[in-house]
Structures are given as structure tokens and as C-alpha cells.
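Asks: Chains as they are written, first to last, in this note's numbering: chain A, -4 to 65; chain B, 12 to 256; chain C, 225 to 583.
Pasting the structure below:
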């Protein structure tokens, strides 16, 4: 399961760029710091590869195994 | 399937780095490796001058902030008196390859048993984007407004290549943080360096190619492409020396 | 156990440092202080300490910075040109509130100057040991024995104040051999390691952070604390020797090697009936203001600032206390030329007999 800590996000877009399943996109809601942040469009397709977490400079994305709805 | 849990070695707040800054990613990688090695409390971060000093308010482990370029000297004093600690200096390219060139080469040559994490973003980020010793030929900075001209400013300094010519260092490697593979390799490299230090093997050096969206005047995503086409062809990633086995 | 030995001043400083608990030294070769690193290069490993020959004075002072941050008693030594290079690191020590001992075995200056002894670094030592307006306590011994005694206490002050201490001694005193009584070895344990330090050997289990950079209001507070500390030094820590002052009509002010030459000359002049005395600052900072200020200027006809440097550098500090109540004369040699008994005797005699008034 992918958990995005929205308030750590600075909207660099790296997670969106590198998601192999293309199921992350920058949302339309702003976080506490006024930044748009990513949301998952289709959790069913997530393979918990954690590439999004690997590329996040801020460590804003945490990934746990097994919790995925897939 | 993979897991990722944010380390408690970094603050529960955003870093001080700009959006998309791979310095933040480099810092995060170090924190992840310390967690995996169970060395958080035993570690000591020698924080240098420049954007790396943003870690002062971000890093949650023991840390000593030092003068510009002098981190390897201070780390020498630390490690010689407290050899049981996992000591690493975290330096940028202006800090390490210009003002601190003497300190880094000499510490490496003495084979001091600590690790230097070298974040190379080819500019002086904190002071507003001046030319660094690592700035690429033709790259525009606030002090090379028409692009770096080797006739007057020489060529970008290749630190891994320089340091790997020395006898004493046991691990010298360069990784690029602009791709998932590069980040995974970098993490493995940092882990290898720290483990070598814990095993008392000697000086270890990990260069991480990073970016500076703010001073390169690019979006974060544009910097990743720029690194592929410009930085990586010049600063070739790879293991330059490995005497850890 | 204390013991008596015949030692060079430089070696005596090194041995006293070890006995005071110094366990880290980093330095870079420069004349006339080389006996200090040479001695410590073999002596420190004997007691479980570390010696590093740095690649420069800058690196060396920053090695001391790192070792001191771990709570280790750490020192470096150099001479004028090298102290200039260390100025960066000394300023950072003061900012990060780290104790350390810095020894300047001084030589002629400015620039590369001369490798021969001189007292040309008074202003650097007391006024501008680095940028940012800080001070270190400055000890100026005038014998190997006094150097031993002051070095032995140096870290007690440095750790009390969390501030570097400087020992300023010229190349003569560093290189002449004298009998010294060495104090016993201080045995320091891990429990003695300061709680602010970054070591974990003292059982600390929370985050440690030492920095020479601060946010503005904190830095202002640290500057103010330093100001209070310097005032407290003036009240508590001034060390000064007075010699034949009670009836003195002329008062020599001299420190270090100059005070020893002066003493010989004063004793000769006393035999001839000239009432000459001496004030010898042992701490150059804090400067012994009060004893100069409180002289009976209805009796004192002149102050003689005697230094082995030209022009005299202590003069302004003296003048602030004399407040134009009598003339201030100066005599010195410089550039590595030494003060000698005859020259000093003649100079003082000329002043006290009214021959010269350059005040």
C-alpha cells in the first residue's frame, strides 16, 4: 500500500514520472504549504514496487507490502 | 513488492531544500542506510557549508557543523579520538572540490577511516548559482553568464578519478540520482562504504550526481533529462576503486 | 608524581599538555615551534592519544575542532604566519563554543617575517585572533616553568568557558633549556567528558549538535554571553606579577621574554639608586588594567613599554589606563633582533635620567 504524506510534498513530479504503472498524477488539492501533491488514480494497479518512494527526495511516500488492494 | 519507511534520522517536516533537489534525496538515502545498518545513534554527520548546511535543521542524528571545505579535517579529529563511531562528512562540490581540495585529498591519502558523501550539482547553490569547479563546459552560471569557458576557467574537476589514483582509499564510486536504478545503486554504494568503515577498512568516498533546479533555471523534471544528456556523459557513474573485499 | 627535568620550553609545553589531559594534537611544521609537534608525535601515542601532522595549519585547527567537539582535550601549536591561517578555525571554535589550546611560539613579522624570536603577535593574540569580534584568554609565560604551569591549567579555563585559550610565547623561551618541575598526570575518565560534547562515551543517549552558525536572535544572545564572559575574566582571572612597585618612579610594563631582560636591568638600576619597578602581565587578555590604572601617578613619572617588537603593540592598552597622567615611553627590538641586557639597561637609564621623552 502506498501512503503519501501530502504535507511533505513539494510537487517535484518525480513519483509521477517514474511510476511504471502510470497511476500517480498531481492532484488538484493543495497541501498545508500550498503545493499540489500526487494522488493515486487506480490503486488496483499498484504493484508496490516502491519506485515512487525511491525517487521522492523528501521521503513523503511510504510503501507497505500486503496492504495493497491488488 | 517492496517496502519503504521514512527514517527517523530526518525530521518529520519537509527538508530545507528546494522542490526536486536531489540533495534532499541524497540525505534521505544516507538516513535509510543508517537505519538498515542500525547505526543511527552511532553515526555522526559532519555538515559542511553550502546547501548541505540545510541539514542542520533536518538531520536528527549527532552532527557537527564545520567551516567551508574543512569537513574531512574535522572528521579526522573526530574519528581519531572516537574510532567506534560511524563518521561521515556530507559535502557539496564547491566545498569539497574547491576550497576543501587540500583537506579531501589529504584525508583520503591518509586513509582516514571515515566516509565522505559528495553531492555534486555543478554549482554553488546556496550563494546563488556561481561557477563551481565541477560546472560543465558551456554551462551558464552567475559567474559564467556566457557558459563556462575552459580557456579561462579550466575543466570540470573529476573527483572520483582523482581520489582513486591514491593508494589508501578502499572504495570510490559515483552514482547519478536521476533514475530509480541510479538511486538504488547509490544506496547500495553508501551501504558498502559505511560497512567498510565499520569493518575498519579505511577511507571511502561516494559521489552522488545531483541537480539544482533553482540555479539551473529548470523544472525538477527538466533537470533529470539535462543530467542524462550532459552531466552523466562527463561524470561517468561507476565504481572507480573497490578494495573492500 | 611531579618530577624535575631539564627541558626546552617547547618540549615543556608539550609534556605539560599531556599531563593536563591533552589527547589530541594536530599541527603543521613551522619554526620556531617544531619541538612541540615533534615531541607529541611520539608522546601522545604513549598515553593513548592521537597525533596528526596536518596538511596545513587550516586543516590542523579544524582537526582540533573535530576532536574538541568530541570532548577530547585537544591542541595545536604554530607561529605567527601559521596562526594567521588558523584564524578561521579559531573563530569557529569560539562560535561553536569549543575549548582548545592554541600555542603561538612567536617570531618576527609581518608576513613570512623572520624565523627568529619576536613579540610581534600581541595585537593578533589579544584583539583579532579571527573574524567576528571574539576573544580568547591569552597566557604569556616568561619561563619554561610558568609555561608548564599555565598549560597545565589551560583546559580548566577552556572547558569552564567553552572557549579556546592561547599561549603566546616567543621563540627564545620556546627554545632555551631550563629546569622545570612537571606536575602529575591528570587521569581523566569517560565520565569527565563534557555533557555538551558529541561523544557517546559519557552515556549521552540524545541528539548532539554543535554548530558555528546560528539564527540571528540566538547569535546576538551568544555575542552578549561572550561579552559578559570577557567582563567576568577581568574580575576573576587576571594574572599579573608586580616587581619593586611600591616606591617606583618609573614603571616598566613588559611580558614574556622582555620581562626577564627588564628584571636584570631594573636590578642594576636599583643598585644605582634609580627607583624602577615593573608590571608583568601574565594574562594579556584579560589585560591587567587595574594595577596600571591604580598606580600612584603623583609618584610615578613615566611608564616604559618594553617589548621585543617595534612599534610597541601594548601601548594603547597601557595608555587607556594611564589616562595621560604620565608619559609613556617605549623601547624595543624587532624583526628577530633580540633584546639584550645592555641595550635595555641603557634605554631605561636614558629615560629615568630625563635624557629622552618620547611619550
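Every residue gets a Cβ at the ideal spot worked out from N, C-alpha and C, and that includes glycine.
Small disclaimer: the values here were computed from a predicted structure and weren't measured.
1) How long is the line joining the alpha carbons of residue 466 of chain C and residue 373 of chain C, rounded to whole angstroms?
2) Which residues in chain B have a C-beta closer than 9 angstroms to the C-beta of residue 3 of chain A? List them in chain order.
3) Just to confirm before moving on: does the CB-CB distance between residue 532 of chain C and residue 481 of chain C stay below 9 angstroms?
4) Do you know whose CA, among B:36, B:22, B:47, lies nearest residue 205 of chain B's CA?
5) Could you tell me if residue 180 of chain B is buried or exposed, where buried requires 16 or more neighbouring beta carbons within 10 angstroms of its beta carbon?
6) Using a Cβ-Cβ cut-off of 7 angstroms (strictly less than) and excluding sequence neighbours within five positions of residue 421 of chain C, which residues of its own chain qualify?
7) Under 6 angstroms Cβ to Cβ from residue 347 of chain C, same chain only, skipping five residues before and after it: list those, please.
8) Hey, how far is the Cα of residue 559 of chain C from the Cα of residue 337 of chain C?
9) Verify the CB distance criterion: does residue 422 of chain C have a CB-CB separation below 9 angstroms to chain B?
10) Since residue 553 of chain C sits in a beta bridge, which residues does DSSP pair it with?
11) How many angstroms separate the CA atom of residue 47 of chain A from the CA atom of residue 1 of chain A?
12) Any heavy atom of the ligand ATP closer than 8 angstroms to the CB of residue 454 of chain C?
13) Taking C-beta pairs closer than 7 angstroms, name the residues in chain B that residue 44 of chain A reaches, listed in chain order.
14) Quick one: what's residue 250 of chain C bridged to in DSSP?
15) Just checking: is the beta-carbon of residue 54 of chain B within a distance shorter than 9 angstroms of some beta-carbon in chain A?
16) Residue 72 of chain B versus chain C: which residues are under 8 angstroms apart at the beta carbon?
17) For the region 187 to 198 of chain B, which residues have a CB atom closer than 7 angstroms to at least one CB atom of chain A, in sequence order?
18) Tell me which residues of the region 245 to 258 of chain C have at least one Cβ-Cβ distance to chain B shorter than 9 angstroms, keeping chain order.
19) Is there a Cβ from chain C that is less than 9 angstroms from the Cβ of residue 143 of chain B?
20) Could you compute how far the alpha carbon of residue 237 of chain B sits from the alpha carbon of residue 243 of chain B?
21) Pull up the distance between the alpha-carbon of residue 33 of chain B and that of residue 49 of chain A, whole angstroms please.
22) Checking contacts by CB at 9 angstroms: is residue 12 of chain A closer than that to chain B?
23) Short of 8 angstroms Cβ to Cβ, which residues in the region 114 to 147 of chain B face chain A?
24) Mind listing the chain B neighbours of residue 66 of chain A? Cutoff is C-beta to C-beta under 9 angstroms, in chain order.
25) Just tell me which of C:386, C:417, C:258, C:299 has its CA closest to the CA of residue 93 of chain B.
26) Would you kindly work out how many angstroms separate the C-alpha atoms of residue 76 of chain B and residue 156 of chain B, rounded to a whole number?
27) Name the chain B residues that come within less than 8 angstroms of residue 35 of chain A, Cβ to Cβ?
28) Run through the DSSP bridge pairs and tell me what residue 403 of chain C is partnered with.
29) Per DSSP, what kind of secondary structure is residue 568 of chain C in: helix, strand or coil?
30) Rounded C-beta distance between residue 199 of chain B and residue 220 of chain B? I'm assuming under 8 angstroms.
31) Since residue 7 of chain A meets chain B, which of its residues come closer than 7 angstroms, beta carbon to beta carbon?
32) Please classify residue 487 of chain C: is it buried, with 16 or more other beta-carbons within 10 angstroms of its beta-carbon, or exposed?
33) Which residues of chain B have a Cβ atom closer than 8 angstroms to the Cβ of residue 321 of chain C, listed in chain order?
34) Exposed or buried, which one is residue 19 of chain B when buried takes at least 16 other CB atoms within 10 Å?
35) Could you name the residues of the region 34 to 62 of chain B whose beta carbon sits closer than 7 angstroms to any beta carbon of chain A, in the order they occur along the chain?
36) Contact criterion: CB-CB distance below 9 angstroms. Does residue 492 of chain C meet it with respect to chain B?
Replies: In terms of the structure at hand:
1) 18 angstroms
2) 17, 23, 24, 25, 26
3) yes
4) B:47
5) buried
6) 293, 294, 295
7) 537
8) 7 angstroms
9) yes
10) C:528
11) 14 angstroms
12) Absence of the ligand ATP from the depicted structure is noted, as is the absence of any ligand whatsoever, leaving it without description.
13) 13
14) C:276
15) no
16) 431
17) 191, 194, 195
18) 247, 248, 250
19) no
20) 9 angstroms
21) 12 angstroms
22) yes
23) none
24) Only positions -4 to 65 of chain A appear in this structure, which leaves residue 66 of chain A out of reach.
25) C:417
26) 32 angstroms
27) The premise fails here: residue 35 of chain A is roughly 15 angstroms from chain B at the closest Cβ pair, so nothing lies under 8 angstroms.
28) C:230
29) helix
30) Contact doesn't hold; Cβ gap of about 16 angstroms is too wide.
31) 30, 31, 231
32) buried
33) In chain order: nothing, as chain B lies at least about 12 angstroms away.
34) exposed
35) 35, 36, 39
36) no
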